[in-house]
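Each residue of the sequence shown is one higher than the last, beginning at 8 in our numbering. Ideal Cβ placement from N, Cα and C applies to all residues, glycine included.
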Amino acid sequence: MKKVFFIAFAFVSFAVSAQEKIKDKVVEVSCGECQFHMKGKGCDMAIRMDKKTYFVDGDKLDKHGDAHADDGMCNAIREAKVSGEIVGDRFKATSIELLPAKKKG
């Protein structure tokens, strides 16, 4: 019985630690396929944080303008302030606020 309890406790501890909560962190955001070269089934929002990329659940590219415009996320990498949590290999967004685009030149 002690072994079962220990294994269950270890599993729950691992599952809880696998979820990293993020609050108001500035990250790069763009199209995962077009800009971050992630494997997917079309243009989907992704973030890059600490040199690692995550597809985003809870937000869409076109919510932040035309993704295929010259300054859209399929053609440019933007900065955003994000909150949410990393669950497995995905970012579950509670908020994504695009920061003003940096001027070229």
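Asked                                                                                                                                       : Found
Between which two residues does the beta strand (DSSP E) holding D78 run?                                                                   : Careful: D78 lies outside any beta strand (DSSP E) and carries neither H nor E.
Taking Cβ to Cβ, would you say S102 is nearer than 8 Å to V89?                                                                              : yes
Write down the C-beta distance between E92 and K46 rounded to the nearest angstrom, noting that I regard them as a contact closer than 8 Å. : Actually they do not touch by this definition, with Cβ atoms about 23 Å apart.
In the structure shown, what three-state DSSP assignment does K70 receive?                                                                  : helix
Is it right to say V63 is buried, meaning 16 or more other beta carbons lie within 10 angstroms of its own, or is it exposed?               : buried
Are E35 and E86 closer than 8 Å when you measure CB to CB?                                                                                  : yes
What residues match up with E86 in a beta bridge as DSSP calls it?                                                                          : E35
In whole angstroms, what is the alpha-carbon distance linking M80 and K30?                                                                  : 22 Å
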